[in-house]
Structure formats: C-alpha cells, structure tokens
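Reading the sequence shown from the start, the letters are residues -22 to -1, 1 to 301 in mature numbering (1 follows the signal peptide of the UniProt record, and there is no 0). Backbone N, C-alpha and C fix where the C-beta goes; we use that ideal spot for every residue, glycine too. These numbers come from a predicted model, not from an experiment.
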Amino acid sequence: MRVFLKTTTMLLAIAATSTSFASTRWDMATPYVDSTHHTQNIRQFAEDVKAATDGELEIVVHAGGSLINHKEIVRAVRSRQISIGEVFIGILGNEDPVFKLDNLPFLATDFDQAKKLYDVSKATIESKLAEDNMMLLYSVPWPPQGIYSKKAINSVEDLEGGKMRAYSSTLSQLSVLLKASPTTVQTVEIPQAFSTGIIDMMITSPTTGVSSQSWDYVSHYTDVQAWIPKNMVIINTRAFKRLDEKTQQGLLQASADAELRGWEMAKKETALNTKILADKGMNVAAPTKALMSSLNDIGDVMAKDWIKEAGSEGEAILEAYKK
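Here it is in structure tokens:
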C-alpha cells in the first residue's frame, strides 16, 4: 500500500509539472494606461485568449509603459525580448512610409473611411512586418484627432511658433508645415511636458485628452477631426509558430474579436470623451472655415509628399482607397 501511494503521488506530481510546462506565458507591453479603450480592449483580449486556449496561453498585460518604453516595443518584439506588444502604427513611419498612411491629415476623417483605408493597406502592413519576423494580430483606431491648446485656434497663424507634441514622423512634418516646433512626447509624459513648458499644444484624440487630464493644463479643444490613426497588436512570428495549432487558432479568433470590439469602442469613446472634455470646463469648438481651408491645403501637400516617398506601392494603396 505504501509503495502504491508513493507511486501515485509521484505520478500526480509529474502530471502537474507537465501541465505547468505545457502552458505558455507571454508578457505584453502597451504604452497606454488602463483608462484608454485600447488597454481595456487588450485586457479583455487577454482573458479571451486564455479562455479560447483552455489556459494554454496566458498573456500578462503591462500597461502604461511599465514594462518597455513605447519606442522600444517593436524592437523588443522583433528580438523576442517579449512575444507580443501594442504600438501606435505611425511610430514606425521612419522605417517604412506605409506606416505613415493613417496619419496623413484629412485623408480619412470618419470611421468608415478609416476602415476602408485599413482594409486596402492591411496586406502591405503585414508584408512589412513579416520582413522583420513579426505578425499583425489586430488593429484598433483612435477617435478623430483634434487640437489642444492654451488659447483659441481660429486660423493656422494661431499655431505658428508653438511647441507642438509630436508622436510620429508625420506629425513632426505637420508641425513644421504649421510653423510650429515639434517635440517628441510619449502619452504618459504629456502632463509633465505641458507643466514644464516643453510643449504648449498637441494634436491627439479625445481619449488621450481625457486619460491625460488635459483640462489641467490647456483650456481649448478644436475638433478638426484631422485623421483617425490606429494602434496595432503585433507578435513575434517564431513565438506564434511555437504554439500548437489549437492554441494558434484560439489566439487568432480572440484577435478577430478584439478588432471588431475595438472599433466599436473607439466610436463610443469619441462621443463620450469629447463630452467629458466639455464637462471638465474645456472650450470644445468646431473649427472655423478659414482654419479648415488652410489645414486641408497642408493635407494635400503631405499626401503628395507621401506618394513620392512610398512610390508605386503607396500610389496603388491610395488608388484602391479612392475607388
């Protein structure tokens, strides 16, 4: 009996050890805080993955840049320092012009247009990521971008000489065309950047405006709806291939669900957070005709410059988008 019990105990211990080794744990880096719809969506995504894979794949979310700085997330995924991460697509604009596409001002200014632009460019984005041993799991938009400032913005002249936050190469170019000074500031650094005078204006979404409590340091929000940029969740291709087929399928299904859910969340966020800005005392205003006319002209210049940079590949994407 003692031999039987000892043998049984050993077999149970081996079985428990085998189960623990069978499961996979991924740390996931995202630069955004929990109050953003992106991070909320990601946390639901992580739960869905665990459920869809019967616990074989666990994704541990590290929000607010707590694990890896935003600018380093792509490198970390590429090098397998981490297996999965979320980044703002435009942050890769210096690596390939296709990643600048959804940051082009006044090209896609509502969610239907943004979805069409994503659909016609997705295959190219996936191809570019594959070259660096990465895969696209899903992409979710931000609300349309508006101007946050300490004074009313009625014309482009009101932007001249300002110190503007830039989070992508495209926004840096826009800042220069507006005769403002671009300064790279990550989302979690926004309040400090304003309070120390590093920046005095920014173009970003109502979501970021609310999560960074913009009413503490600016008083005006001009709803120009300049563009609808997106984030993307990427994984290391080798890490994906190491998963068994059932786990892969569970991950992909959870990704598809997260994309659909995330787009709907973005639409709701737009209305909700714009209202919050007003409720917090900010002056939320529609742009003047003079301002929009000048901004549209700048957008045309940037689109033409982008086509020159992106070449025939970029031109084909825009042609497909305009059909």
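Who are the Cβ neighbours of residue i in its own chain at under 7 Å, not counting the five residues just before and after it?
i: T(-4); result: Caution applies to T(-4), whose pLDDT of 40 falls short of 50 and renders its modelled position unreliable; the value that the coordinates give is listed next. Answer for T(-4): no residue qualifies.
i: V118; result: H16, N19, K208, N209, E237, G240, W241 and A244
i: E287; result: P75
i: L218; result: One detail in the question is off: residue 218 reads as Phe in this sequence, not Leu. For F218, where only same-chain residues beyond five positions count, the Cβ hits under 7 Å are M113 and Q226.
i: E293; result: I285
i: residue 342; result: An answer regarding residue 342 cannot be provided, because it is not within the stretch -22 to 301 covered by the chain.
i: L107; result: M113, L114 and I212
i: E104; result: L114
i: D32; result: none
i: T248; result: P121, P122 and P184
i: N111; result: R56, N214, T215 and R216
i: L45; result: D5 and A7
i: N274; result: F84
i: S1; result: G33, E34 and E36
i: Y299; result: K94, L95 and V98
Ignore the nearest five residues each way along the sequence and tell me which others in residue i's own chain have a CB closer than 6 Å to its CB.
i: P160; result: M142, A144, S150 and S153
i: R21; result: V39
i: M137; result: In the sequence on display, residue 137 carries Leu and not Met. Excluding sequence neighbours, L137 sits near L156 and A158.
i: T162; result: A144
i: A24; result: I37 and V39
i: residue 302; result: Not covered by the structure: residue 302. The range shown for the chain is -22 to 301.
i: S272; result: V134
i: Y116; result: V211, S233, A236 and E237
i: S13; result: S189
i: K301; result: none
Tell me, to the nearest whole angstrom, how far the beta carbon of residue i is from that of residue j; I am working on the premise that it is less than 8 Å.
i: G3; j: V55; result: For clarity, residue 3 is Arg in the given sequence; the question names Gly instead. That pair is no contact at about 16 Å.
i: A30; j: A234; result: Contact doesn't hold; Cβ gap of about 11 Å is too wide.
i: D178; j: G140; result: 6 Å
i: I295; j: T102; result: 6 Å
i: I212; j: G63; result: 6 Å
i: I67; j: K49; result: With 8 Å as the limit, I67 and K49 do not qualify as a contact, their Cβ atoms being about 14 Å apart.
i: V11; j: V166; result: 7 Å
i: R53; j: R216; result: With a Cβ gap of about 15 Å, R53 and R216 do not count as contacting.
i: L79; j: S61; result: Actually they are not in contact, since the Cβ atoms of L79 and S61 sit about 26 Å apart, beyond 8 Å.
i: L221; j: L230; result: So it is not a contact: roughly 10 Å between Cβ atoms.
Pull the bridge partners of residue i from the DSSP assignment, please.
i: N261; result: H198
i: H40; result: A7
i: V188; result: Bridge partners of V188: none, in fact.
i: T2; result: L35
i: S159; result: K141
i: I125; result: I181 and T200
i: V118; result: N209
i: N214; result: M112
In chain order, what residues of the same chain have a beta carbon less than 8 Å from the beta carbon of residue i, not counting five sequence neighbours either side?
i: K28; result: L35, E36 and I37
i: L255; result: P184, G187, V188, S192, W193, Y199 and V262
i: Q123; result: I181, T182, S183, V202, Q203, A204, W205, I206 and P207
i: M280; result: L82, P83, T148, Q151, L152 and L155
i: P169; result: S190, Q191, D194 and Y195
i: F(-2); result: Confidence at F(-2) is low in this model, with a pLDDT of 46, below 50, so the placement of that residue should be treated as unreliable; the coordinate-derived value is given next. Here the set comprises nothing.
i: N72; result: S147
i: I174; result: The residue asked about is misnamed: residue 174 is Thr in this sequence, not Ile. Cβ within range, chain order: n/a, list empty.
i: A171; result: R143, T161, V163 and I177
i: N47; result: P9 and Q164
i: K224; result: T31 and E34
i: V65; result: P9, H48, I51, V52, N209, M210 and I212
Under 8 Å between C-beta atoms, does residue i make it to chain B?
i: T2; result: Among the chains in the structure shown there is no chain B, since it carries only a single protein chain.
Review point. Could you give the uninterrupted runs of the alpha helix (DSSP H) lying entirely in the segment 48 to 100, keeping only those of 4 residues or more?
Key: 48 to 56
Review point. Would you call the segment 260 to 278 and the segment 130 to 141 in contact, with 3 or more CB pairs under 8 Å?
Key: yes
Exercise for review: Can you check the segment 215 to 252 for any alpha helix (DSSP H) of at least 4 residues that lies completely inside it and give the ranges in chain order?
Suggested key: Secondary structure in the segment 215 to 252: the alpha helix (DSSP H) runs of 4 residues or longer, each lying completely within the stretch, are 215 to 219 in chain order.
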